[in-house]
Ligand SMILES: [Zn+2]
Ligand SMILES: [Zn+2]
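Residue numbers (this note's numbering): 50 to 182.
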């Protein structure tokens, strides 16, 4: 996956070996990744390095943080092809995975005068398609 290097450079992140690995890991998963999940996958690297790597990704708009109500932030890749990345998230109560429903955009929300939205967090909870068999 040479693509990883390009994706990192696109958002002005210097593609170090570690960053490429973390990017590929997040990209390879269907569900959003928590720091703990990443830590389990990269046994040899310490939590601080992983945390910093993911934070760099977040600051540069490569990943977005998802609060799924579990209290553990999760991260997923941003869809840069789309003009807006405000999409619905889904937390499965059975497999505990959190998914980006990127095809399901959050509808335009009207706020009272003087309110400026910076981030809209919309989360659906229930049973995902994999568990619903
Ligand atoms: Zn599920
Ligand atoms: Zn998402």
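Don't be surprised by glycine CBs; every beta carbon is placed ideally from N, CA and C.
It should be emphasised that the depicted structure is a prediction, and the values quoted were computed from it without experimental measurement.
Span separating the alpha-carbon of residue i from that of residue j
| i | j | result |
| --- | --- | --- |
| residue 61 | residue 105 | 10 angstroms |
| residue 90 | residue 96 | 11 angstroms |
| residue 120 | residue 173 | 15 angstroms |
| residue 86 | residue 115 | 14 angstroms |
| residue 76 | residue 118 | 23 angstroms |
| residue 53 | residue 78 | 14 angstroms |
Among the options, the one whose alpha carbon lies nearest that of residue i
| i | options | result |
| --- | --- | --- |
| residue 111 | 71, 66, 165 and 175 | 71 |
| residue 137 | 126, 154 and 168 | 154 |
Neighbour-count burial assignment, residue i, 16 or more Cβ in a 10 Å radius
| i | result |
| --- | --- |
| residue 141 | buried |
| residue 80 | buried |
Reduced DSSP secondary structure (H/G/I, E/B, other) of residue i
| i | result |
| --- | --- |
| residue 1 | The first residue shown for the chain is 50 and the last is 182, placing residue 1 beyond what the model contains. |
Chain B within 8 angstroms of residue i, Cβ atoms only
| i | result |
| --- | --- |
| residue 148 | Looking for chain B here will not work: only one protein chain is present. |
Problem - Minimum length 3: unbroken beta strand (DSSP E) runs contained in the segment 90–117 - result: You should have 112–115.
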